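Take 314 as the starting number for the sequence shown in my numbering and just add one per residue.
We treat Cβ as the ideally placed atom computed from N, Cα and C, and that holds for glycine.
Since the structure is predicted, the reported quantities are computational estimates derived from the model, not experimental observations.
Here's the structure, in C-alpha coordinates; my notes come after.
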Amino acid sequence: MSTTDKASPETSDESPGGTSDAESGAESRASAAADSTDAAAGAQLSTAPLEDSPGGPAVGIGVIGWARWFWRQLTSMRVALILLFLLSLGAIPGSLVPQNNVDALKVAGWKRDNPSWVSVAEKLQLFDVYSSVWFSAIYLLLFISLIGCIVPRSWQFVGQLRGRPPGAPRRLDRLPAHTTWRTEKTPDEVLSYARTVLRAGRFRTEAGKGHVAAEKGYLREAGNLIFHVALIVMLVAFAWGQYFKSEGGKLVLRGSGFSNTLTQYDDFKSGGLFHPDDLPPFSFTLDRFDATYEMTGPQRGTPRDFKAYVTFSDGAHGTPQKREIQVNKPLEVDGSKVYLLGHGYAPIVSVTDPTGKVIFKDAVPVLPQDANLTSTGAVKVADGYKDKDGKKEQLGFNAVFVPTFAGEGKGTMFSQFPALLMPRLMLNAFHGSLGVDAGLPQNVYVLNTSKMEPFKDESGQQFKQKLELGQTMTLPNGAGTVKFEGIERWATFSVTQQPGSGLALAGAIAAIAGLAGSLFIQRRRIWVRAMTGKDGVTVVEMAGLGRSESTRLPQELAELAATLHQQAPSAPAALAETRVEETSEGERG
(Lines of atoms letter the chains of each structure in order from A and count residues from 1; the text may use other names and numbers.)
(Lines give C-alpha, C1' and ligand atoms only; values in the text may rest on other atoms or scores of the structure.)
Protein backbone atom coordinates (compact mmCIF):
# COMPACT_ATOMS: atom_id res chain seq x y z
CA MET A 1 0.00 0.00 0.00
CA SER A 2 1.51 3.33 -1.04
CA THR A 3 0.70 6.99 -0.35
CA THR A 4 0.71 9.93 -2.73
CA ASP A 5 -0.30 13.59 -2.49
CA LYS A 6 -2.89 13.21 -5.29
CA ALA A 7 -4.24 10.61 -7.65
CA SER A 8 -1.89 9.56 -10.48
CA PRO A 9 -3.03 9.17 -14.11
CA GLU A 10 -2.59 5.41 -13.92
CA THR A 11 -5.20 5.13 -11.21
CA SER A 12 -7.73 7.55 -12.72
CA ASP A 13 -11.02 6.49 -14.33
CA GLU A 14 -10.36 8.29 -17.64
CA SER A 15 -9.86 6.26 -20.80
CA PRO A 16 -6.67 6.72 -22.84
CA GLY A 17 -8.53 8.58 -25.49
CA GLY A 18 -10.08 11.14 -23.14
CA THR A 19 -13.72 11.75 -22.19
CA SER A 20 -16.68 12.79 -24.28
CA ASP A 21 -18.79 15.92 -23.68
CA ALA A 22 -21.58 13.79 -22.22
CA GLU A 23 -19.21 12.09 -19.85
CA SER A 24 -17.75 15.45 -18.84
CA GLY A 25 -21.21 16.85 -18.12
CA ALA A 26 -22.13 13.83 -16.07
CA GLU A 27 -18.95 14.09 -14.10
CA SER A 28 -19.56 17.82 -13.47
CA ARG A 29 -23.04 17.13 -12.15
CA ALA A 30 -21.69 14.35 -9.94
CA SER A 31 -18.95 16.63 -8.64
CA ALA A 32 -21.46 19.35 -7.81
CA ALA A 33 -23.63 16.86 -5.96
CA ALA A 34 -20.59 15.57 -4.08
CA ASP A 35 -19.55 19.12 -3.14
CA SER A 36 -23.06 19.81 -1.83
CA THR A 37 -22.99 16.63 0.23
CA ASP A 38 -19.52 17.44 1.59
CA ALA A 39 -20.57 20.99 2.49
CA ALA A 40 -23.62 19.68 4.35
CA ALA A 41 -21.48 17.20 6.24
CA GLY A 42 -19.03 19.95 7.19
CA ALA A 43 -21.79 22.30 8.32
CA GLN A 44 -23.01 19.72 10.82
CA LEU A 45 -19.67 19.88 12.65
CA SER A 46 -20.46 23.28 14.22
CA THR A 47 -22.94 24.40 16.86
CA ALA A 48 -22.69 28.05 15.81
CA PRO A 49 -26.13 29.68 15.49
CA LEU A 50 -27.31 29.89 11.90
CA GLU A 51 -27.36 33.35 10.38
CA ASP A 52 -30.11 34.68 8.15
CA SER A 53 -29.22 33.92 4.55
CA PRO A 54 -28.98 36.95 2.25
CA GLY A 55 -31.57 35.46 -0.09
CA GLY A 56 -33.97 34.45 2.65
CA PRO A 57 -37.14 36.17 3.68
CA ALA A 58 -36.85 39.66 5.14
CA VAL A 59 -36.98 40.03 8.89
CA GLY A 60 -39.87 42.39 8.63
CA ILE A 61 -40.76 45.96 9.54
CA GLY A 62 -42.14 47.15 12.82
CA VAL A 63 -41.44 46.64 16.50
CA ILE A 64 -41.25 42.84 16.33
CA GLY A 65 -38.99 42.92 13.29
CA TRP A 66 -36.61 45.44 14.82
CA ALA A 67 -36.63 43.56 18.14
CA ARG A 68 -35.75 40.34 16.36
CA TRP A 69 -32.94 42.04 14.43
CA PHE A 70 -31.57 43.67 17.59
CA TRP A 71 -31.66 40.34 19.45
CA ARG A 72 -29.79 38.57 16.65
CA GLN A 73 -27.14 41.27 16.65
CA LEU A 74 -26.81 41.30 20.43
CA THR A 75 -26.42 37.51 20.68
CA SER A 76 -23.86 37.27 17.89
CA MET A 77 -20.28 36.39 18.76
CA ARG A 78 -19.07 39.57 17.06
CA VAL A 79 -21.06 41.82 19.41
CA ALA A 80 -20.08 39.73 22.45
CA LEU A 81 -16.39 40.27 21.67
CA ILE A 82 -16.99 44.01 21.15
CA LEU A 83 -18.76 44.26 24.52
CA LEU A 84 -15.96 42.33 26.23
CA PHE A 85 -13.44 44.76 24.72
CA LEU A 86 -15.53 47.76 25.85
CA LEU A 87 -15.73 46.31 29.37
CA SER A 88 -11.93 46.09 29.47
CA LEU A 89 -11.61 49.67 28.23
CA GLY A 90 -14.21 50.86 30.74
CA ALA A 91 -12.19 49.42 33.63
CA ILE A 92 -9.14 51.55 32.76
CA PRO A 93 -10.48 54.84 34.27
CA GLY A 94 -11.19 52.95 37.50
CA SER A 95 -7.48 52.22 37.86
CA LEU A 96 -6.30 55.70 36.87
CA VAL A 97 -8.81 57.90 38.75
CA PRO A 98 -9.35 57.49 42.54
CA GLN A 99 -12.66 55.87 43.45
CA ASN A 100 -15.06 57.02 46.18
CA ASN A 101 -15.66 53.48 47.46
CA VAL A 102 -11.92 52.86 47.81
CA ASP A 103 -10.39 56.08 49.17
CA ALA A 104 -12.51 59.21 49.52
CA LEU A 105 -9.48 61.23 50.68
CA LYS A 106 -7.62 60.50 47.43
CA VAL A 107 -10.71 61.55 45.49
CA ALA A 108 -10.75 64.86 47.35
CA GLY A 109 -7.04 65.32 46.65
CA TRP A 110 -7.52 64.58 42.94
CA LYS A 111 -10.31 67.16 42.75
CA ARG A 112 -8.11 69.71 44.49
CA ASP A 113 -5.20 69.07 42.13
CA ASN A 114 -7.32 68.97 38.95
CA PRO A 115 -10.09 71.56 39.38
CA SER A 116 -10.64 72.04 35.63
CA TRP A 117 -11.51 68.35 35.15
CA VAL A 118 -13.81 67.89 38.13
CA SER A 119 -17.08 68.77 36.37
CA VAL A 120 -16.30 66.51 33.41
CA ALA A 121 -15.21 63.63 35.66
CA GLU A 122 -18.36 63.90 37.77
CA LYS A 123 -20.63 63.93 34.71
CA LEU A 124 -18.88 60.84 33.37
CA GLN A 125 -19.04 59.21 36.84
CA LEU A 126 -15.29 58.61 36.78
CA PHE A 127 -15.13 58.59 40.60
CA ASP A 128 -17.60 55.69 40.70
CA VAL A 129 -16.69 53.79 37.54
CA TYR A 130 -17.81 50.29 38.56
CA SER A 131 -21.25 51.47 39.70
CA SER A 132 -21.75 54.00 36.89
CA VAL A 133 -24.64 53.80 34.46
CA TRP A 134 -22.46 53.26 31.38
CA PHE A 135 -20.29 50.55 32.96
CA SER A 136 -23.37 48.74 34.29
CA ALA A 137 -24.98 48.95 30.84
CA ILE A 138 -21.96 47.32 29.18
CA TYR A 139 -21.86 44.70 31.92
CA LEU A 140 -25.55 43.78 31.58
CA LEU A 141 -25.46 43.77 27.77
CA LEU A 142 -22.47 41.42 27.82
CA PHE A 143 -24.27 39.19 30.31
CA ILE A 144 -27.39 39.04 28.12
CA SER A 145 -25.32 38.52 24.97
CA LEU A 146 -23.48 35.55 26.43
CA ILE A 147 -26.69 33.93 27.66
CA GLY A 148 -28.39 34.49 24.30
CA CYS A 149 -25.38 32.95 22.57
CA ILE A 150 -25.05 29.94 24.86
CA VAL A 151 -28.69 28.78 25.03
CA PRO A 152 -29.19 27.95 21.31
CA ARG A 153 -25.70 26.46 21.03
CA SER A 154 -26.38 24.27 24.04
CA TRP A 155 -29.57 22.88 22.52
CA GLN A 156 -27.82 22.28 19.21
CA PHE A 157 -24.97 20.51 20.99
CA VAL A 158 -27.41 18.30 22.91
CA GLY A 159 -29.09 17.45 19.62
CA GLN A 160 -25.74 16.47 18.11
CA LEU A 161 -24.92 14.29 21.10
CA ARG A 162 -28.23 12.48 20.71
CA GLY A 163 -27.85 12.19 16.94
CA ARG A 164 -25.82 9.67 14.98
CA PRO A 165 -22.95 10.19 12.52
CA PRO A 166 -24.30 11.00 9.04
CA GLY A 167 -24.05 8.60 6.14
CA ALA A 168 -21.08 8.52 3.79
CA PRO A 169 -20.95 11.08 0.96
CA ARG A 170 -21.32 9.70 -2.56
CA ARG A 171 -17.75 10.58 -3.60
CA LEU A 172 -15.33 9.75 -0.79
CA ASP A 173 -12.38 10.43 -3.08
CA ARG A 174 -13.18 14.15 -3.05
CA LEU A 175 -12.74 14.52 0.73
CA PRO A 176 -9.53 16.05 2.18
CA ALA A 177 -8.04 12.68 3.21
CA HIS A 178 -8.75 9.52 1.22
CA THR A 179 -7.32 6.02 0.79
CA THR A 180 -8.48 2.88 -1.06
CA TRP A 181 -7.37 -0.68 -1.70
CA ARG A 182 -8.80 -4.03 -2.83
CA THR A 183 -9.05 -7.09 -0.61
CA GLU A 184 -10.27 -10.69 -0.78
CA LYS A 185 -12.34 -10.20 2.42
CA THR A 186 -16.09 -9.83 1.97
CA PRO A 187 -17.67 -6.39 2.44
CA ASP A 188 -19.42 -7.52 5.64
CA GLU A 189 -16.14 -8.73 7.12
CA VAL A 190 -14.38 -5.48 6.20
CA LEU A 191 -17.13 -3.35 7.75
CA SER A 192 -17.12 -5.48 10.90
CA TYR A 193 -13.36 -5.04 11.21
CA ALA A 194 -13.76 -1.30 10.55
CA ARG A 195 -16.26 -0.84 13.37
CA THR A 196 -13.93 -2.66 15.77
CA VAL A 197 -10.94 -0.51 14.74
CA LEU A 198 -12.86 2.77 14.97
CA ARG A 199 -14.40 1.94 18.34
CA ALA A 200 -10.93 1.13 19.65
CA GLY A 201 -9.97 4.67 18.58
CA ARG A 202 -12.90 6.07 20.66
CA PHE A 203 -14.97 6.95 17.59
CA ARG A 204 -18.75 6.80 17.76
CA THR A 205 -19.85 4.54 14.91
CA GLU A 206 -23.01 4.02 12.92
CA ALA A 207 -23.54 1.28 10.31
CA GLY A 208 -25.10 2.22 6.98
CA LYS A 209 -25.78 0.56 3.68
CA GLY A 210 -22.39 -0.64 2.52
CA HIS A 211 -20.46 1.69 4.83
CA VAL A 212 -19.56 2.60 8.43
CA ALA A 213 -19.69 6.21 9.62
CA ALA A 214 -17.63 7.32 12.64
CA GLU A 215 -17.30 10.60 14.51
CA LYS A 216 -14.96 11.96 17.18
CA GLY A 217 -14.01 15.26 18.86
CA TYR A 218 -17.25 16.34 20.56
CA LEU A 219 -15.22 17.90 23.37
CA ARG A 220 -14.29 20.72 20.98
CA GLU A 221 -17.82 22.11 21.05
CA ALA A 222 -18.10 21.23 24.74
CA GLY A 223 -15.00 23.36 25.28
CA ASN A 224 -16.64 26.27 23.47
CA LEU A 225 -19.71 26.02 25.68
CA ILE A 226 -17.64 25.63 28.86
CA PHE A 227 -15.66 28.75 27.94
CA HIS A 228 -18.81 30.83 27.45
CA VAL A 229 -20.49 29.47 30.59
CA ALA A 230 -17.30 30.21 32.54
CA LEU A 231 -17.43 33.83 31.38
CA ILE A 232 -20.96 34.11 32.78
CA VAL A 233 -19.79 32.51 36.04
CA MET A 234 -17.01 35.08 36.29
CA LEU A 235 -19.43 37.94 35.65
CA VAL A 236 -21.79 36.61 38.32
CA ALA A 237 -18.89 36.20 40.76
CA PHE A 238 -17.72 39.75 40.08
CA ALA A 239 -21.20 41.17 40.68
CA TRP A 240 -21.71 39.03 43.79
CA GLY A 241 -18.38 40.15 45.21
CA GLN A 242 -19.07 43.83 44.51
CA TYR A 243 -22.52 43.83 46.09
CA PHE A 244 -21.76 41.71 49.18
CA LYS A 245 -18.12 42.56 49.87
CA SER A 246 -16.84 44.29 52.99
CA GLU A 247 -13.43 45.65 53.93
CA GLY A 248 -12.35 47.45 57.06
CA GLY A 249 -9.14 48.59 58.70
CA LYS A 250 -8.15 48.70 62.35
CA LEU A 251 -5.08 49.94 64.22
CA VAL A 252 -4.46 47.78 67.29
CA LEU A 253 -2.01 48.61 70.06
CA ARG A 254 0.01 45.83 71.63
CA GLY A 255 -2.03 44.48 74.52
CA SER A 256 -5.29 45.80 73.06
CA GLY A 257 -7.99 43.84 71.27
CA PHE A 258 -10.41 43.95 68.37
CA SER A 259 -13.93 42.59 68.00
CA ASN A 260 -15.41 42.16 64.53
CA THR A 261 -18.28 44.63 64.85
CA LEU A 262 -18.95 47.69 62.72
CA THR A 263 -18.21 50.18 65.53
CA GLN A 264 -14.72 48.76 66.10
CA TYR A 265 -13.33 49.69 62.68
CA ASP A 266 -11.28 52.81 62.01
CA ASP A 267 -12.54 52.81 58.40
CA PHE A 268 -15.02 50.56 56.67
CA LYS A 269 -16.48 50.20 53.16
CA SER A 270 -18.90 47.63 51.79
CA GLY A 271 -21.08 46.66 48.84
CA GLY A 272 -24.62 47.87 48.25
CA LEU A 273 -26.29 44.68 49.56
CA PHE A 274 -24.01 44.13 52.55
CA HIS A 275 -25.59 44.01 56.02
CA PRO A 276 -23.67 44.37 59.31
CA ASP A 277 -25.13 41.05 60.47
CA ASP A 278 -23.04 39.39 57.74
CA LEU A 279 -19.85 40.05 59.74
CA PRO A 280 -18.64 36.75 61.27
CA PRO A 281 -18.29 36.99 65.06
CA PHE A 282 -14.67 36.76 66.21
CA SER A 283 -12.14 38.73 68.23
CA PHE A 284 -8.41 38.83 68.85
CA THR A 285 -5.86 40.52 71.07
CA LEU A 286 -2.45 41.65 69.81
CA ASP A 287 -0.01 40.02 72.24
CA ARG A 288 3.27 40.87 70.50
CA PHE A 289 4.62 42.27 67.27
CA ASP A 290 8.09 41.40 65.99
CA ALA A 291 9.95 43.16 63.19
CA THR A 292 13.45 42.39 61.97
CA TYR A 293 15.62 44.49 59.63
CA GLU A 294 18.89 44.17 57.76
CA MET A 295 21.49 45.68 60.08
CA THR A 296 24.49 46.15 57.77
CA GLY A 297 25.44 46.43 54.12
CA PRO A 298 23.84 48.31 51.23
CA GLN A 299 20.38 47.00 52.22
CA ARG A 300 20.63 48.29 55.78
CA GLY A 301 17.15 48.99 57.15
CA THR A 302 15.37 46.70 54.67
CA PRO A 303 12.54 44.76 56.39
CA ARG A 304 13.16 41.03 56.71
CA ASP A 305 10.21 39.72 58.67
CA PHE A 306 7.00 41.06 60.21
CA LYS A 307 4.94 38.86 62.48
CA ALA A 308 1.96 39.56 64.75
CA TYR A 309 1.17 37.15 67.61
CA VAL A 310 -2.50 37.23 68.59
CA THR A 311 -4.90 35.45 70.90
CA PHE A 312 -7.87 34.57 68.71
CA SER A 313 -11.45 33.61 69.69
CA ASP A 314 -13.96 32.31 67.14
CA GLY A 315 -17.51 33.30 68.05
CA ALA A 316 -18.86 35.09 71.10
CA HIS A 317 -17.77 32.35 73.49
CA GLY A 318 -14.97 30.68 71.51
CA THR A 319 -11.95 29.09 73.14
CA PRO A 320 -8.91 31.42 72.96
CA GLN A 321 -6.23 30.19 70.56
CA LYS A 322 -2.72 31.41 69.85
CA ARG A 323 -2.25 32.39 66.21
CA GLU A 324 0.36 34.12 64.04
CA ILE A 325 -0.42 36.60 61.26
CA GLN A 326 2.24 37.48 58.69
CA VAL A 327 2.35 39.52 55.50
CA ASN A 328 0.54 37.53 52.76
CA LYS A 329 -0.37 34.87 55.33
CA PRO A 330 -3.74 36.05 56.67
CA LEU A 331 -5.88 34.62 59.44
CA GLU A 332 -8.96 33.03 57.84
CA VAL A 333 -12.24 33.06 59.79
CA ASP A 334 -15.57 31.90 58.37
CA GLY A 335 -15.15 33.47 54.92
CA SER A 336 -13.23 36.52 56.17
CA LYS A 337 -9.47 37.08 56.02
CA VAL A 338 -7.46 39.17 58.49
CA TYR A 339 -4.38 40.65 56.79
CA LEU A 340 -1.40 42.29 58.47
CA LEU A 341 -0.89 45.59 56.65
CA GLY A 342 1.51 47.82 58.59
CA HIS A 343 3.05 48.68 61.92
CA GLY A 344 4.51 51.59 63.84
CA TYR A 345 5.20 53.09 67.25
CA ALA A 346 3.07 54.71 69.93
CA PRO A 347 4.96 56.93 72.42
CA ILE A 348 3.52 56.76 75.94
CA VAL A 349 2.96 60.32 77.15
CA SER A 350 1.77 61.57 80.54
CA VAL A 351 0.53 65.14 81.25
CA THR A 352 0.17 66.80 84.67
CA ASP A 353 -1.71 70.00 85.50
CA PRO A 354 -0.23 72.93 87.50
CA THR A 355 -1.08 71.13 90.77
CA GLY A 356 0.95 68.08 89.78
CA LYS A 357 -2.07 65.86 89.13
CA VAL A 358 -1.72 63.40 86.25
CA ILE A 359 -4.66 64.16 83.97
CA PHE A 360 -3.57 62.18 80.92
CA LYS A 361 -1.43 59.07 80.36
CA ASP A 362 -1.77 56.97 77.25
CA ALA A 363 0.04 55.45 74.29
CA VAL A 364 -0.44 57.78 71.32
CA PRO A 365 -0.05 56.10 67.88
CA VAL A 366 1.96 58.09 65.35
CA LEU A 367 1.89 57.42 61.61
CA PRO A 368 5.09 56.57 59.65
CA GLN A 369 6.15 59.06 56.98
CA ASP A 370 9.08 57.15 55.44
CA ALA A 371 10.72 53.72 55.33
CA ASN A 372 12.76 54.46 58.48
CA LEU A 373 9.51 55.14 60.40
CA THR A 374 9.91 58.85 60.96
CA SER A 375 6.40 59.38 62.37
CA THR A 376 4.02 62.22 63.09
CA GLY A 377 0.90 62.49 65.22
CA ALA A 378 -0.92 64.53 67.84
CA VAL A 379 -1.43 64.33 71.60
CA LYS A 380 -4.85 65.73 72.61
CA VAL A 381 -5.82 66.38 76.22
CA ALA A 382 -9.53 67.13 75.99
CA ASP A 383 -10.68 66.74 79.60
CA GLY A 384 -9.48 67.37 83.14
CA TYR A 385 -7.04 70.24 82.60
CA LYS A 386 -7.22 73.63 84.41
CA ASP A 387 -4.61 76.35 84.19
CA LYS A 388 -3.00 77.93 87.27
CA ASP A 389 -5.97 80.31 87.56
CA GLY A 390 -8.45 77.40 87.60
CA LYS A 391 -9.79 78.02 84.09
CA LYS A 392 -10.72 74.95 82.05
CA GLU A 393 -8.69 74.55 78.90
CA GLN A 394 -7.63 71.87 76.47
CA LEU A 395 -4.06 71.02 75.57
CA GLY A 396 -2.66 69.84 72.24
CA PHE A 397 0.80 68.75 71.11
CA ASN A 398 2.12 68.19 67.61
CA ALA A 399 4.39 65.17 67.86
CA VAL A 400 7.31 63.97 65.73
CA PHE A 401 8.84 60.63 66.71
CA VAL A 402 12.00 58.96 65.38
CA PRO A 403 13.07 55.46 66.48
CA THR A 404 16.75 56.15 65.64
CA PHE A 405 17.90 59.76 65.93
CA ALA A 406 21.16 60.65 64.21
CA GLY A 407 22.38 62.67 67.17
CA GLU A 408 22.86 66.33 67.94
CA GLY A 409 24.45 68.27 65.12
CA LYS A 410 23.87 65.41 62.64
CA GLY A 411 20.59 66.45 61.07
CA THR A 412 17.01 67.29 61.88
CA MET A 413 14.33 65.02 63.31
CA PHE A 414 14.55 62.25 60.74
CA SER A 415 15.04 58.61 61.59
CA GLN A 416 18.17 56.85 60.36
CA PHE A 417 16.92 53.29 61.03
CA PRO A 418 13.45 51.77 61.60
CA ALA A 419 14.34 49.90 64.81
CA LEU A 420 14.41 51.44 68.31
CA LEU A 421 18.10 52.32 68.62
CA MET A 422 17.94 55.99 69.72
CA PRO A 423 14.28 57.09 70.10
CA ARG A 424 13.41 60.78 70.36
CA LEU A 425 10.10 62.62 70.68
CA MET A 426 9.64 66.29 69.78
CA LEU A 427 6.52 68.15 70.99
CA ASN A 428 5.05 71.58 70.10
CA ALA A 429 2.61 72.74 72.80
CA PHE A 430 -0.74 74.55 72.35
CA HIS A 431 -3.62 75.51 74.67
CA GLY A 432 -7.20 76.56 73.99
CA SER A 433 -10.03 74.60 72.32
CA LEU A 434 -9.39 71.41 70.33
CA GLY A 435 -12.78 71.72 68.61
CA VAL A 436 -13.84 68.25 69.68
CA ASP A 437 -16.87 69.56 71.60
CA ALA A 438 -18.58 70.66 68.35
CA GLY A 439 -19.45 67.03 67.58
CA LEU A 440 -17.76 67.10 64.18
CA PRO A 441 -15.41 64.21 63.26
CA GLN A 442 -11.69 64.93 63.43
CA ASN A 443 -8.52 63.24 62.28
CA VAL A 444 -6.98 61.84 65.46
CA TYR A 445 -3.49 62.17 63.98
CA VAL A 446 -3.78 65.89 63.13
CA LEU A 447 -4.05 68.76 65.59
CA ASN A 448 -6.60 71.50 64.75
CA THR A 449 -5.02 74.70 66.03
CA SER A 450 -7.57 77.18 64.62
CA LYS A 451 -8.92 77.88 68.12
CA MET A 452 -5.68 77.34 70.03
CA GLU A 453 -2.67 79.46 70.96
CA PRO A 454 0.89 78.21 71.16
CA PHE A 455 2.88 78.29 74.39
CA LYS A 456 5.75 80.80 74.18
CA ASP A 457 9.27 80.36 75.51
CA GLU A 458 11.35 83.12 77.14
CA SER A 459 12.35 84.54 73.74
CA GLY A 460 8.74 84.74 72.55
CA GLN A 461 9.07 81.85 70.13
CA GLN A 462 6.75 78.84 70.01
CA PHE A 463 7.61 76.45 72.81
CA LYS A 464 8.89 73.04 71.71
CA GLN A 465 11.28 70.49 73.10
CA LYS A 466 13.02 67.29 72.04
CA LEU A 467 12.62 64.53 74.64
CA GLU A 468 14.63 61.41 75.30
CA LEU A 469 12.98 58.34 76.76
CA GLY A 470 12.03 59.12 80.40
CA GLN A 471 12.67 62.87 80.07
CA THR A 472 10.13 65.50 81.28
CA MET A 473 9.17 68.77 79.59
CA THR A 474 8.02 71.69 81.80
CA LEU A 475 5.41 73.95 80.19
CA PRO A 476 5.91 77.75 80.45
CA ASN A 477 4.26 79.83 83.17
CA GLY A 478 3.69 76.85 85.45
CA ALA A 479 1.15 75.26 83.08
CA GLY A 480 2.23 71.71 83.98
CA THR A 481 4.59 69.05 82.70
CA VAL A 482 4.75 66.44 79.96
CA LYS A 483 6.79 63.24 80.30
CA PHE A 484 7.96 60.77 77.66
CA GLU A 485 7.14 57.62 79.63
CA GLY A 486 7.82 54.80 77.15
CA ILE A 487 7.16 53.31 73.71
CA GLU A 488 4.51 50.86 72.61
CA ARG A 489 4.07 49.03 69.28
CA TRP A 490 0.98 48.92 67.08
CA ALA A 491 -0.09 47.03 63.95
CA THR A 492 -2.80 47.68 61.39
CA PHE A 493 -5.07 44.89 60.18
CA SER A 494 -7.46 44.67 57.25
CA VAL A 495 -10.49 42.42 57.56
CA THR A 496 -11.89 41.58 54.12
CA GLN A 497 -14.85 39.51 53.02
CA GLN A 498 -15.05 38.76 49.26
CA PRO A 499 -17.76 36.10 48.80
CA GLY A 500 -17.34 35.66 45.03
CA SER A 501 -13.57 35.10 44.89
CA GLY A 502 -13.75 31.30 44.95
CA LEU A 503 -16.42 31.25 42.26
CA ALA A 504 -14.40 33.67 40.12
CA LEU A 505 -11.32 31.44 40.43
CA ALA A 506 -13.33 28.37 39.42
CA GLY A 507 -14.74 30.28 36.44
CA ALA A 508 -11.27 31.38 35.34
CA ILE A 509 -9.92 27.83 35.51
CA ALA A 510 -12.94 26.49 33.61
CA ALA A 511 -12.55 29.22 30.98
CA ILE A 512 -8.90 28.29 30.39
CA ALA A 513 -9.76 24.58 30.19
CA GLY A 514 -12.66 25.22 27.79
CA LEU A 515 -10.57 27.50 25.60
CA ALA A 516 -7.78 24.92 25.45
CA GLY A 517 -10.29 22.23 24.45
CA SER A 518 -11.84 24.39 21.72
CA LEU A 519 -8.40 25.23 20.28
CA PHE A 520 -6.63 21.87 20.39
CA ILE A 521 -9.40 19.27 19.97
CA GLN A 522 -10.37 18.65 16.35
CA ARG A 523 -13.86 17.54 15.36
CA ARG A 524 -13.60 14.96 12.55
CA ARG A 525 -15.49 12.18 10.80
CA ILE A 526 -14.26 8.97 9.18
CA TRP A 527 -16.17 6.86 6.65
CA VAL A 528 -15.34 3.33 5.52
CA ARG A 529 -17.07 1.92 2.44
CA ALA A 530 -16.69 -1.69 1.24
CA MET A 531 -18.32 -2.87 -2.01
CA THR A 532 -17.83 -5.83 -4.34
CA GLY A 533 -16.17 -4.84 -7.61
CA LYS A 534 -17.01 -6.16 -11.08
CA ASP A 535 -14.23 -8.74 -10.80
CA GLY A 536 -15.59 -10.02 -7.48
CA VAL A 537 -12.84 -8.41 -5.39
CA THR A 538 -13.94 -6.12 -2.51
CA VAL A 539 -13.02 -2.45 -2.94
CA VAL A 540 -12.34 -0.66 0.37
CA GLU A 541 -12.48 3.12 0.62
CA MET A 542 -11.66 5.24 3.69
CA ALA A 543 -12.01 9.04 3.89
CA GLY A 544 -11.93 11.72 6.58
CA LEU A 545 -13.40 15.19 7.01
CA GLY A 546 -12.54 17.73 9.69
CA ARG A 547 -14.11 21.01 10.72
CA SER A 548 -10.96 22.85 9.67
CA GLU A 549 -7.76 22.04 7.82
CA SER A 550 -5.51 19.90 9.98
CA THR A 551 -2.32 17.98 9.33
CA ARG A 552 -3.45 15.50 11.96
CA LEU A 553 -6.40 14.18 9.93
CA PRO A 554 -4.44 12.50 7.07
CA GLN A 555 -2.03 11.03 9.61
CA GLU A 556 -4.86 9.64 11.74
CA LEU A 557 -6.59 8.23 8.67
CA ALA A 558 -3.34 6.57 7.58
CA GLU A 559 -2.94 4.95 11.02
CA LEU A 560 -6.53 3.65 11.02
CA ALA A 561 -6.15 2.39 7.43
CA ALA A 562 -2.93 0.57 8.36
CA THR A 563 -4.68 -1.13 11.29
CA LEU A 564 -7.65 -2.12 9.13
CA HIS A 565 -5.33 -3.27 6.34
CA GLN A 566 -3.86 -5.83 8.72
CA GLN A 567 -7.34 -7.37 9.09
CA ALA A 568 -8.26 -6.99 5.41
CA PRO A 569 -4.97 -7.10 3.43
CA SER A 570 -4.70 -6.26 -0.23
CA ALA A 571 -5.63 -8.96 -2.67
CA PRO A 572 -2.48 -10.54 -4.23
CA ALA A 573 -3.73 -10.03 -7.78
CA ALA A 574 -4.54 -6.39 -7.13
CA LEU A 575 -1.34 -5.22 -5.38
CA ALA A 576 -0.25 -3.26 -8.44
CA GLU A 577 -3.56 -1.39 -8.47
CA THR A 578 -3.68 -0.62 -4.75
CA ARG A 579 -3.53 3.05 -3.99
CA VAL A 580 -3.81 5.57 -1.17
CA GLU A 581 -4.82 9.13 -1.98
CA GLU A 582 -4.43 12.12 0.33
CA THR A 583 -5.54 15.41 -1.15
CA SER A 584 -6.18 18.84 0.30
CA GLU A 585 -9.21 20.94 -0.50
CA GLY A 586 -7.07 23.20 -2.67
CA GLU A 587 -5.90 20.21 -4.72
CA ARG A 588 -9.49 19.03 -5.21
CA GLY A 589 -10.35 22.42 -6.63
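| Asked | Found |
| --- | --- |
| Which listed residue (A604, Y652, L548 and A527) has its alpha carbon closest to that of K642 | Y652 |
| Where M855 sits in the DSSP three-state scheme | strand |
| 8 Å contact criterion, which G403 and I451 should meet: CB distance rounded | 6 Å |
| Counted within 10 angstroms of its Cβ, other Cβ atoms place G584 as buried (16 or more) or exposed | buried |
| Under the three-state DSSP convention, the category P406 falls into | helix |
| Neighbour-count burial assignment, V852, 16 or more Cβ in a 10 Å radius | buried |
| Buried versus exposed call for N427 [16 or more other C-beta atoms within 10 Å across all chains shown] | exposed |
| Which of helix, strand or coil DSSP assigns to M739 | strand |
| Reduced DSSP secondary structure (H/G/I, E/B, other) of S268 | Limits of the chain in this structure are 314 at one end and 902 at the other, which puts residue 268 out of reach. |
| For E528, the nearest candidate out of H541, A434, L644 and E869 (CA to CA) | E869 |
| Buried/exposed call for G791, threshold 16 Cβ in 10 Å | exposed |
| Any C-beta of chain D under 7 Å from that of V852 | In the displayed structure, chain D is absent; only one protein chain is listed. |
| Proximity to V841 [Cα-Cα], best of G709, E519 and G568 | E519 |
| Closest residue to F595 among H630, S569 and P589 (Cα-Cα distance) | H630 |
| Distance CB(G657)-CB(P681) smaller than 7 Å | yes |
| Close beta carbons around L387, own chain, < 8 Å, minus the five adjacent residues each side | L454, I457, S458 and G461 |
| Which listed residue (Q810, V715 and G859) has its alpha carbon closest to that of Y556 | Q810 |
| Limits of the alpha helix (DSSP H) - the one that D627 falls within | Run containing D627: none in the alpha helix (DSSP H); it sits in the beta strand (DSSP E), P616 to D627. |
| Span of the alpha helix (DSSP H) around M765 | Unbroken run through M765 is the beta strand (DSSP E), M765 to P767; no alpha helix (DSSP H). |
| C-alpha gap between K650 and R737, whole angstroms | 36 Å |
| Which residues DSSP lists as bridging P681, in chain order | S688 |
| Those residues which DSSP pairs with V850 across a bridge | Its beta-bridge partners do not exist; DSSP assigns none. |
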